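Novice:
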Amino acid sequence: MARVLVATQPWGILLEKNPTSRGLSVPVSGQLAAINTTVYTASTGGTTISAPAFVTDSNGGLPGYVEEGTHTLTVNGVAQEVNAVSGLVAARVTAVEGNRVLKTLVFNPVDYGADPTGVADSLAAFNAMQTAMGTRGKSVLMPQGEYFFSAPWTVNRAMDLKGASDGLPHASAGTVLKFAAGQSGIIFENSTAQFSTLSKLYIRSLSTIAGTDDGLRLRAHGLELDQVTVEGFGRHGFNIDSTGGNANCMSLRRCRANLNRGNGFDIRGADSNVISFLNIDATGNTGWGVDCASSNNLFLAPHADSNAAGAYRDSGNSNQWIAPYIEGGVGDGVTLSGVATVWLGTAIAPGVLTDTSTSSMIWRGGNFRDIQIGTGSSPLKRIHTVNIGVDLPSIAANTTIVHNVTTPAGTVLAGDRVIHVGIEALSHGLVIQGTPLVGATDVIAIRVSNLTAAAIDSPSFIFYFTILRV
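Heads up: the sequence shown begins at 3 in the numbering used here, then just goes up one per residue.
(1) If you draw a straight line from the alpha carbon of D268 to that of W290, how long is it in whole angstroms?
(2) Under a Cβ-count criterion, where at least 16 other Cβ atoms within 10 Å of its own Cβ denotes burial, should S201 be classed as buried or exposed?
(3) Which runs of the beta strand (DSSP E), 3 residues or longer, sit entirely within the segment 161-246?
(4) Where do the ends of the beta strand (DSSP E) carrying L470 lie?
(5) With a CB to CB cut of under 8 Å and the five nearest residues on each side skipped, what residues in its chain are close to S462?
(6) Strictly by DSSP, which residues pair up with F301?
(7) Name the one or two DSSP bridge partners that E148 has.
(8) What residue range is occupied by the uninterrupted beta strand (DSSP E) comprising N406?
(9) Please classify N389 as buried or exposed, where buried requires at least 16 neighbouring CB atoms within 10 angstroms.
(10) Would F467 and T387 qualify as a contact pair, given that the criterion is a beta-carbon distance under 9 Å?
(11) Taking Cβ to Cβ, would you say R237 is nearer than 9 Å to N262?
(12) In this structure, what does DSSP give as the bridge partners for T343?
(13) Note the first and the last residue of the continuous beta strand (DSSP E) segment covering N452.
(14) Going by beta carbon distance, what residues of the same chain come within less than 6 Å of I277, once the five residues before and after it are set aside?
(15) With 16 other CB atoms within 10 Å as the buried threshold, where does H422 fall?
(16) Terminal residues of the continuous beta strand (DSSP E) containing A313?
(17) DSSP three-state call for N129: helix, strand or coil?
(18) Taking the CB atoms as reference points, tell me whether D283 and C257 lie closer together than 9 Å.
(19) Roughly how many whole angstroms lie between the Cα atoms of S198 and P410?
(20) Does DSSP put I458 in a helix, a strand or coil?
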């Protein structure tokens, strides 16, 4: 008997004759393969399979479904053995109802001439595949390999694009889309591409200089991206710009922008809003890790490291940042100059600059070095933290002294106020009396009392001063 593989999908049946000849795995698991056997027949390679009206399954008999396992169905009028499994398996399958073709369920660009070795140009093959889909679009499975594009590929219909990369670097990735120097990558800029999905891909550029080429240009409603890495483009990694279109209601999850010559993630335009960014990563980009000039977006646990301009910049309206993480060192700055920004920071150590007097809410969950509220070089208020190691002189028993602490140049100015002081490992019997005062530029005066009956000789501490400049 010929063995024909049946795989479940919500829109019908996938069939592939002799799947083992193509090296495909055949997983069998669970109780029920949700294969509708009353609506669809299917054909592949000239072999037609007609499912029975219904098959009673082990859960008590659900008309129209086939239980996972091996079954006998009619193939070209002859009873054949069919293996029903769960999971997406293969491509080049057409579901039909009677003699009317419904739609090809899964597309493979290799079937249209794409070169998985990365030598020949695959752009024409991807365009031919897209044309063959019809106006509504379908699912695309891109096999392991590297596909070269001489120009951007524009997606002009809704489709589910899936590779095998899991966001890994291109040297070890399963599916790599490689674009010529100076050329952008994939473009979703048409309303007919809305609700498309993109996952498990590594998209890289051969560019070596800055330019106007972006890895992904996203201007379509309801796009969903997961585990997509964009590397090495002349401008932005992910360019979300609603100018002339709509970029609302997107979701980017576990995506990475790496070594691009502009911003890692660039978001702007009046209709680039209600976008969720979950666990995104921006590393080594020449611009900002994330630069958002739009409104009402959510950034949940983003990560930034070594972006030359800084980690995050928000000049938009009512964006929310929850648990952002920033690696210390180069590019650990944050600029929040928007309106009504909400920032809930944890485990981060940036210099934070808020240069607008409009309403923003900032909860300190980490060691912010610098917060400014105001505009330009003359902020209305500035709050910053200074950590200083201090060697006090010997303090006699039951004595209070005033000690001047010298801070780094420009840290405090006359008129600044110390609003909080923390001390690491204060010796038993020593007490800070009152609030330290700024006595002069770069000098903080502290009052220390020895409450014991014996002298304390030259104690050393680390002081954490929080300074307010009005």
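We put the beta carbon where it would ideally sit given N, CA and C, even for glycine.
Since the model is a prediction, treat every value here as computed from it, not as a measurement.
Specialist: Reading off the structure:
(1) Distance between the alpha carbons of D268 and W290: 8 Å.
(2) Around the Cβ of S201, a 10 Å sphere holds 16 or more other Cβ atoms; the residue is buried.
(3) The segment 161-246 contains these whole beta strand (DSSP E) runs: 162-164, 177-181, 188-190, 199-207, 218-220, 226-233, 240-243.
(4) Segment 462-471, the beta strand (DSSP E) holding L470.
(5) Taken in chain order, the residues that qualify are G391, V392, D393, L394.
(6) Bridge partners of F301: F279, W323.
(7) For E148, the beta-bridge partners assigned by DSSP are T119, V178.
(8) Start and end: 401-408.
(9) Around the beta carbon of N389, fewer than 16 other beta carbons lie within 10 angstroms, which makes this residue exposed.
(10) It is a contact, given that the beta carbons lie within the stated cut-off.
(11) Cβ atoms of R237 and N262: closer than 9 Å.
(12) DSSP lists no bridge partner for T343.
(13) For N452, the enclosing beta strand (DSSP E) starts and ends at 445-452.
(14) Excluding sequence neighbours, I277 sits near M252, N299.
(15) Label assigned to H422: exposed.
(16) Residues 312-316.
(17) In the displayed model, N129 falls within a helix according to three-state DSSP.
(18) For D283 and C257, yes; Cβs fall inside 9 Å.
(19) One C-alpha to the other measures close to 54 Å.
(20) Residue state, collapsed to three classes: strand.
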